[in-house]
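**Q**
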Amino acid sequence: MAVWAIAWITLLSALTWSPPTDSVEQLTWVRSVEWGYYKHPPLPTILIWPLVRVFGIHEWVVGAAGALVISAALLISWRLVRELAGRHFAALALLGSLCITYYSTRTNFYNHNTVLLPFVAAAAWFCWRAFADRSQGAWLALGLMLGLGALAKYQVALAGVSVIAFWLVKRGWRDMLHVRGLLSAGFVAALVFAPHLWWLVAHDFLPFQYASRTSLGAALPCVQRAAHALHWLADQCNRASPALLLAAGLLWKTRRAAVVPPGVLSAREVPAVHPDARLFLFAWGLLPLLTIVLIGLATGADLQFQWGTAFMSFTCAALMLFVPAERWQRIAWRHALAGFVVVQLLLVAMAWATSPVSGLGLSKSRSADFRSANLAARIGPQARIALDGPIRVITGPARIASALSLRLSERPLVLLEGDLVASPWVSPAQIERYGVLWVGDDHLAPPPGLNVHWETEQLWWAVQQPAEGRVDAY
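In the numbering used here, the protein residues as written are 898 to 1371.
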């Protein structure tokens, strides 16, 4: 797992000119640890804060953090699947999960989706423990994971749907331990979430306003909802297609095998699949994805493709149970590893071909295509002359300003699109004292009254002068 993660982080760093916007966003927000931000809850920023304090503001810090949370989630999922369906089955499911593009070609992403991922996996673990061990402590731990997940992203509600679905299937209402357990889990989750709720009330529910202006407020017409929902589902299948390719290849290779090959457990030693495994893995590996589709159909929301990130760590295992278990036991470990390496090499080739460094013109990532280092090298010296000192504050679209901040030696504070409410780490006094470097593209008009410099047909910069008596040290 460590070799896989390091290899992908190294490759993705070499194939992009700027790190993912979501990852850089955390390096912007971490300048002020809050109980909430204008777009999302605070946990990803809180978790990255100690790393930034130790190592500084660098893109490799968020890249490593992204790989860490993804790896942790997949290991938790593997451990649970091993208990449900056996060691060999779980190992194959893990290889499949490592091929899902959410977790391979986006290993360096550290955002609210990836941080939610380990809390969903841990919630599934404690949900299983609560029923398998009849443990009140597991119910409390489940509530803690759901509460922390809610501090990562509100989509943790889909994990709550999985809990309730399995509780209903197990007829939890007939057992007072599970009735009390479900209620106590809800209470613990609410208690953990309470500080952020207080922040939401105090800040007029800013993340919900943002969501209503973007995806959730799209209100697609009824005739478009089905097509959009199917498009979203097809995209999730596409993200899982490397895993499906691996499974299809291994099943085809062993289609005529009559006995378990050497190196695999004998038939008598093959652990039985737990009777509840199919229902449990459906609840955690498939139900959240189907629920997102239903939300799109019911509300007309603009479903974002990355919403599936946190809910696919159990998808491979859930799909594998549609095939008789003995078919998976025929697959020798050496064949599985060989197939895994082939699929990973195909993913590497795809990542290169769709990157800006390939020169093939197939890249669709605005952040990866943005030559932030080159632009910072061009405008940095001129901006320092115009400001008569270091660049302390930069503002503009988050994608541009945040990436440039990372490339400038001063690591200036980012004033997100000139909005002080969205940027609590910047004060009006700092703007007056140090001035502002404005940057933008053809989608953002330059501010009036400033001398605008166009670096390209799409990119411009300007300087807002500081007030008199500038002091360069905070």
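By construction, the Cβ of each residue, glycine as well, lies at the ideal position given by its N, Cα and C atoms.
Give a yes or no on contact between the segment 994-1005 and the segment 1031-1040, applying the rule of three or more CB pairs nearer than 8 Å.
**A** The segment 994-1005 vs the segment 1031-1040: no contact.
**Q** Is the segment 1262-1275 in contact with the segment 1175-1192, if contact means three or more CB pairs nearer than 8 Å?
**A** Touching, no, given that fewer than three Cβ pairs across the two stretches are closer than 8 Å.
**Q** To which residues does DSSP link H1075 through a beta bridge?
**A** The sequence position of residue 1075 within the sequence shown is 178, counting from 1. Answer by DSSP bridge pairing: none, since H1075 is not bridged.
**Q** Within the same chain, show all residues whose beta-carbon is closer than 7 Å to that of Y1331, passing over the 5 residues directly before and after it, in chain order.
**A** Taking the sequence shown and counting its residues from 1, the one referred to as residue 1331 is at position 434. Same-chain partners within the cutoff: R1289, V1290, P1363 and R1367.
**Q** Quick one: residues in its chain with C-beta nearer than 8 Å to the C-beta of V930, no 5 flanking neighbours on either side, listed in chain order?
**A** Numbered from its first residue, the sequence shown carries residue 930 at position 33. So the qualifying residues of the chain are P939, T942, I943 and W946.
**Q** Counting only C-beta atoms, is P1344 closer than 9 Å to chain C at any point?
**A** Considering every chain present, this structure includes no chain C. It has just one protein chain.
**Q** Cβ of A1049 within 9 Å of Cβ of H1009?
**A** The residue labelled residue 1049 in the question sits at position 152 within the sequence shown. The residue labelled residue 1009 in the question sits at position 112 within the sequence shown. Yes, they are a contact pair.
**Q** Keeping to the same chain, check which residues put their C-beta closer than 8 Å to that of V958; ignore five residues upstream and five downstream.
**A** In the sequence shown, counting from the first residue as 1, residue 958 sits at position 61. L924, I945, L948, V949 and F952, listed in sequence order.
**Q** What residue from R1227, A1300 and L1103 has the CA that sits closest to Y934's CA?
**A** For the purposes of this step, residue 934 is taken as residue 37 along the sequence shown, with counting starting at 1. Taking only the C-alpha atoms, the option nearest Y934 is L1103.
**Q** What is the DSSP secondary structure of V1089, counted as helix, strand or coil?
**A** Position 192 of the sequence shown, counting from 1, holds the residue named residue 1089. Looking at V1089 - three-state DSSP - the assignment turns out to be helix.
**Q** Decide yes or no for the touch test of the segment 1110-1125 against the segment 1075-1083: beta carbon pairs closer than 8 Å, at least 3 of them.
**A** Because the criterion of three Cβ pairs below 8 Å is not met, the segment 1110-1125 and the segment 1075-1083 do not touch.
**Q** Compare the C-alpha of L1303 against each of L1284, S1324, G1277 and I1282 and name the closest.
**A** Against the sequence shown, residue 1303 aligns to sequence position 406. If we check each option's Cα against that of L1303, G1277 comes out closest.
**Q** When DSSP builds the beta bridges, which residues end up paired with A1350?
**A** To locate residue 1350, count along the sequence shown from 1; it is residue 453. Residue 1350 is actually His in this sequence, not Ala. According to DSSP, H1350 bridges with W1358.
**Q** May I have the straight-line CA-CA distance separating G1258 from R1268, to the nearest angstrom?
**A** Position 361 of the sequence shown, counting from 1, holds the residue named residue 1258. Position 371 of the sequence shown, counting from 1, holds the residue named residue 1268. Looking at the two C-alpha atoms, the distance is approximately 15 Å.
**Q** Which first and last residues belong to the alpha helix (DSSP H) in which I1291 is found?
**A** For the purposes of this step, residue 1291 is taken as the residue at position 394 of the sequence shown. Element bounds for I1291: not the alpha helix (DSSP H) but the beta strand (DSSP E), V1290 to G1293.
**Q** Mark A1295 as exposed unless 16 or more other C-beta atoms lie within 10 angstroms of its C-beta, in which case mark it buried.
**A** Here residue 1295 corresponds to residue number 398 of the sequence shown, with the count starting at 1. Buried is the call here.
**Q** Alpha carbons only, please: which of A987, A1246, S1112 and F1023 is nearest the one belonging to W1213?
**A** Counting from 1 along the sequence shown, the entry for residue 1213 is found at position 316. This sequence places Cys at residue 1213; Trp is not what is there. Considering only alpha carbons, the answer is A987.
**Q** Check the DSSP bridge columns for G1337 and list the partner residues they point to.
**A** By 1-based counting over the sequence shown, the position of residue 1337 is 440. Bridge partners of G1337: W1357.
**Q** How far does the alpha helix (DSSP H) with V1311 in it reach, from first residue to last?
**A** To locate residue 1311, count along the sequence shown from 1; it is residue 414. Unbroken run through V1311 is the beta strand (DSSP E), L1310 to L1313; no alpha helix (DSSP H).
**Q** Roughly how many angstroms lie between the CA atoms of W975 and A1270, to the nearest whole one?
**A** By one-based count along the sequence shown, residue 975 stands at place 78. By one-based count along the sequence shown, residue 1270 stands at place 373. Using only the alpha carbons, I get a separation of about 40 Å.
**Q** On a CA-only basis, which of T1151, S1260, D1173 and Q1133 is nearest A1207? Give me that one, please.
**A** Sequence index remark: in the sequence shown, residue 1207 carries index 310 (1-based). Comparing Cα positions, the closest option is Q1133.
**Q** Tell me whether L1043 is buried or exposed, calling it buried when 16 or more other Cβ atoms sit within 10 Å of its Cβ.
**A** Residue mapping note: residue 1043 aligns to position 146 of the sequence shown, counting from 1. The residue in question, L1043, is buried, as its Cβ has 16 or more Cβ neighbours within 10 Å.
**Q** Go to E931, then tell me how far its alpha helix (DSSP H) extends in each direction, as first and last residue.
**A** Reading the sequence shown from its first residue, position 34 is the one you call residue 931. Per DSSP, E931 belongs to no alpha helix (DSSP H) and is neither H nor E.
**Q** Buried or exposed for L1234, please, with buried defined as at least 16 other CB atoms from any protein chain shown within 10 angstroms of its CB.
**A** Residue 1234 sits at position 337 when you count from the first residue of the sequence shown. It counts as exposed.
**Q** If you measure between the beta carbons of T918 and A1300, is that distance less than 9 Å?
**A** As a working note, residue 918 is residue 21 in the sequence shown. As a working note, residue 1300 is residue 403 in the sequence shown. Contact flag set, yes.
**Q** Please report how far the alpha carbon of T1011 lies from the alpha carbon of G963, in whole angstroms.
**A** The residue labelled residue 1011 in the question sits at position 114 within the sequence shown. The residue labelled residue 963 in the question sits at position 66 within the sequence shown. Taking the straight line joining both Cα atoms gives about 7 Å.
**Q** Can you give, in chain order, each stretch of the alpha helix (DSSP H) that sits fully within the segment 950-1025 and has at least 4 residues?
**A** Counting whole runs of 4 or more residues, the segment 950-1025 contains the alpha helix (DSSP H) stretches 956-982 and 984-996.
**Q** Under 8 Å by Cβ, that's how I've got P1345 and A1359 pegged, so tell me the actual separation to the nearest angstrom.
**A** Reading the sequence shown from its first residue, position 448 is the one you call residue 1345. Reading the sequence shown from its first residue, position 462 is the one you call residue 1359. Actually they are not in contact, since the Cβ atoms of P1345 and A1359 sit about 10 Å apart, beyond 8 Å.
**Q** Taking the alpha helix (DSSP H) that R1136 falls in, what are its first and last residues?
**A** Here residue 1136 is taken as the residue at index 239 of the sequence shown, counted from 1. Counting along the chain, the alpha helix (DSSP H) containing R1136 begins and ends at C1119 to K1150.
**Q** Which same chain residues end up closer than 7 Å to A1198 when comparing Cβ atoms and leaving out the 5 residues on each side of it in sequence?
**A** Here residue 1198 corresponds to residue number 301 of the sequence shown, with the count starting at 1. So the qualifying residues of the chain are S1112, L1113, A1115 and I1192.
**Q** Report yes if the CB atom of V1220 is closer than 9 Å to the CB atom of L981, and no otherwise.
**A** Mapped onto the sequence shown, residue 1220 falls at position 323. Mapped onto the sequence shown, residue 981 falls at position 84. Not closer than 9 Å, so no.
**Q** Where G1160 and L1218 are concerned, what is the direct C-alpha to C-alpha distance, given to the nearest angstrom?
**A** By 1-based counting over the sequence shown, the position of residue 1160 is 263. By 1-based counting over the sequence shown, the position of residue 1218 is 321. Note on G1160: pLDDT 49, under 50, position unreliable in the model; the coordinate value appears next. So the alpha carbons of these two residues sit roughly 22 Å apart.
**Q** Between the beta-carbon of A902 and the beta-carbon of L989, is there less than 9 Å?
**A** Looking up residue 902 in the sequence shown gives position 5. Looking up residue 989 in the sequence shown gives position 92. No, Cβ-Cβ distance for A902 and L989 is not below 9 Å.
**Q** Using a threshold of 9 Å, state whether the C-beta atoms of F1211 and A1018 are closer than that.
**A** Within the sequence shown, numbered from 1, the residue matching residue 1211 stands at position 314. Within the sequence shown, numbered from 1, the residue matching residue 1018 stands at position 121. Yes, the pair counts as a contact, with Cβ atoms nearer than the cut-off.
**Q** Helix, strand or coil: which one does DSSP assign to F1202?
**A** Here residue 1202 refers to the residue found at position 305 when the sequence shown is read from its first residue. DSSP places F1202 in helix when its eight states are reduced to three.
**Q** Inspect the beta-carbon positions of A1248 and L912 and report whether they are closer than 9 Å.
**A** Locating residue 1248 in the sequence shown gives position 351, counting from the first residue. Locating residue 912 in the sequence shown gives position 15, counting from the first residue. Contact flag set, yes.
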